[in-house]
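Chemist: Per the numbering used here: the sequence shown ends with 157, consecutive numbering throughout.
Every residue gets a Cβ at the ideal spot worked out from N, C-alpha and C, and that includes glycine.
A quick note: this is a predicted structure, and the numbers were derived from the prediction, not measured.
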Amino acid sequence: ANGMAVSPDNKTLIVAESHANRLTAFDIAADGGLANRRRWADLGNGFPDGICLDAEGAIWYADVPNRHCVRVREGGAMLDSVDADRGCFACMLGGADGKTLFIVAAEWRGFEHMISDARTGQVLSIEASAPGAGWP
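1) Short of 6 Å in beta carbon distance, which residues of its chain neighbour V36, apart from the five on each side in sequence? Order them along the chain.
2) To the nearest angstrom, how far is it from the Cα of W129 to the Cα of T33?
3) Tell me whether the stretch 92–112 and the stretch 142–152 touch, counting them as touching only if at least three CB pairs, one residue from each stretch, are closer than 8 Å.
4) Please give the ranges of any beta strand (DSSP E) in the stretch 38–99, keeping only runs that are unbroken, at least 3 residues long and fully inside the region.
5) Apart from the five residues just before and just after A76, which ones in its own chain have a Cβ nearer than 6 Å to its Cβ?
6) CB-CB under 7 Å to W156, same chain, minus the five flanking residues each way: which ones, in chain order?
7) Kindly identify the DSSP beta-bridge partner or partners of A126.
8) List the whole-angstrom C-beta distance separating I72 from W81, where the pair is believed to meet the contact cut-off of C-beta under 8 Å.
9) Can you grab the Cα-Cα spacing for the pair A50 / P86, in whole Å?
10) Going by Cα to Cα distance, which pick from G53, D52, L64 is closest to R43?
11) Roughly how many whole angstroms lie between the Cα atoms of F110 and H40?
12) Starting from the Cα of D30, find the closest Cα among A149, V125, G78 and give me that residue.
13) Using the rule of at least 16 other Cβ atoms within 10 Å of the residue's Cβ for burial, across every protein chain shown, is G53 buried or exposed?
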């Protein structure tokens, strides 16, 4: 698993499973235990890395090999997409009104090129339709 997000009511944990091409949800018990594992969204050829929740209950996920960030609702319907010229590793909603989507992106040609592709990182930003919610 890669990215994780907790719903605003602290009752649901959503986990990005990059190599399973899905987002998985768990109920969070009062003692912090997890139960009721379920598929939140199947993403087809999407590889979710970092994720964040918005106030409309949708998730933005960063996708390294497909070089974009995608906004999906529970069930997997795509609501929005932002393309980049490099792999997107993480995303977070913030800014004064919470509607700025910040994206951490860098060139990516695989693990074997991590050293040679160093120092290509950027923080990109775009305006999103809904503000952030939940944690982190």
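Modeler: Working from what's here:
1) Numbered from 1 along the sequence shown, position 15 holds the residue referred to as residue 36. The answer, listed in chain order, is A22, M25, T45.
2) Start at 1 with the first residue of the sequence shown, and residue 129 comes out as number 108. Start at 1 with the first residue of the sequence shown, and residue 33 comes out as number 12. The alpha-carbon atoms of W129 and T33 are separated by roughly 32 Å.
3) yes
4) 43–49, 55–63, 69–75, 80–84, 89–93
5) As a first step, residue 76 is located in the sequence shown; it is residue number 55 there, counting from the start. Cβ neighbours of A76 beyond the five flanking positions: A151, P152, A154.
6) Counting from one through the sequence shown, the residue named residue 156 turns up at place 135. Excluding sequence neighbours, W156 sits near A26, V27.
7) If you number the sequence shown from 1, residue 126 lands on position 105. C109, Q143.
8) Reading the sequence shown from its first residue, position 51 is the one you call residue 72. Reading the sequence shown from its first residue, position 60 is the one you call residue 81. The pair is a contact, with the Cβ atoms about 7 Å apart (cut-off 8 Å).
9) Locating residue 50 in the sequence shown gives position 29, counting from the first residue. Locating residue 86 in the sequence shown gives position 65, counting from the first residue. Near 35 Å, if we compare the C-alpha coordinates of P86 and A50.
10) Numbered from its first residue, the sequence shown carries residue 43 at position 22. Taking only the C-alpha atoms, the option nearest R43 is L64.
11) Taking the sequence shown and counting its residues from 1, the one referred to as residue 110 is at position 89. Taking the sequence shown and counting its residues from 1, the one referred to as residue 40 is at position 19. For F110 and H40, the distance between alpha carbons rounds to 14 Å.
12) Taking the sequence shown and counting its residues from 1, one reaches residue 30 at position 9. The candidate whose alpha carbon is nearest that of D30 is G78.
13) Locating residue 53 in the sequence shown gives position 32, counting from the first residue. Answer is exposed; the Cβ neighbour count stays below 16.
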